[in-house]
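As structure tokens, the structure follows; a few thoughts come after it.
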Amino acid sequence: MIKAVRLLVLPFFISACSRDYQPADHANGEQIYLEACSQCHRTAANASIFQLHAKNTNANYISEKVLHGSAFMPSFPNITGNNLVLISDYVLEHSEIADE
Ligand code: HEC
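Set out below in structure tokens:
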């Protein structure tokens, strides 16, 4: 019984740490966002994606999140190079700066 529970729980923890999602060739920022991010974050269709703190409104902050994740967000080590630029630009273009 204990063993069965462990088998169920383990894959969940692994998938919460890192995703092996790989963008398709020539994917654009919107495609990457819809495939990799929109499951947890809202889409830009009706509202802005994020209300970012002013100090975080830069591509560096977004790409750090994508590459390294956080306690509750998985990392995406295969979103690299130009794809990382595309997804960061897309998120920034569709987010606002939060009022202090
Ligand atoms: C499994 C759910 C999940 C997925 C998938 C996910 N995120 Fe997140 N993300 C979170 C959670 C939870 C937070 C809030 C905790 C934190 O800030 O680390 C977060 C926070 C963020 C933040 C910080 C927002 C702020 O207000 O400072 C950014 C930027 C972000 N995610 C971008 C992305 C991008 C881009 C993708 C797709 C490549 C993505 N996330 C995929 C769960 C996810």
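Quick note: the sequence shown uses the UniProt record's numbering, first residue 1, plus one each step. Where a beta carbon is used, it is the ideal one built from N, C-alpha and C, also for glycine.
Reduced DSSP category for residue 18 - H, G, I as helix; E, B as strand; rest coil: strand
Are the segment 45 to 64 and the segment 24 to 32 touching, with three or more C-beta to C-beta distances below 8 Å? no
So, are the CB atoms of residue 91 and residue 62 less than 7 Å apart? yes
For residue 22 versus residue 82, is the C-beta spacing smaller than 7 Å? no
Can you give me the start and stop residues for the alpha helix (DSSP H) that residue 101 sits inside? Nothing in the structure corresponds to residue 101, since the chain is present only between 1 and 100.
Which of the three DSSP states, helix, strand or coil, is assigned to residue 32? helix
Roughly how far, in whole angstroms, is the beta-carbon of residue 48 from the beta-carbon of residue 96, given that I think they are within contact range, below 8 Å? 5 Å
On the DSSP bridge list, what partners appear for residue 96? Per DSSP, 51.
Residue 72 classed as buried or exposed, judged by whether at least 16 other C-beta atoms fall within 10 angstroms: exposed
Could you pull out every residue in the same chain whose Cβ sits closer than 8 Å to the Cβ of residue 14, ignoring the five residues on either side in sequence? With a pLDDT of 48 at residue 14, under the threshold of 50, the predicted position of this residue should be treated as unreliable, and no value is reported.
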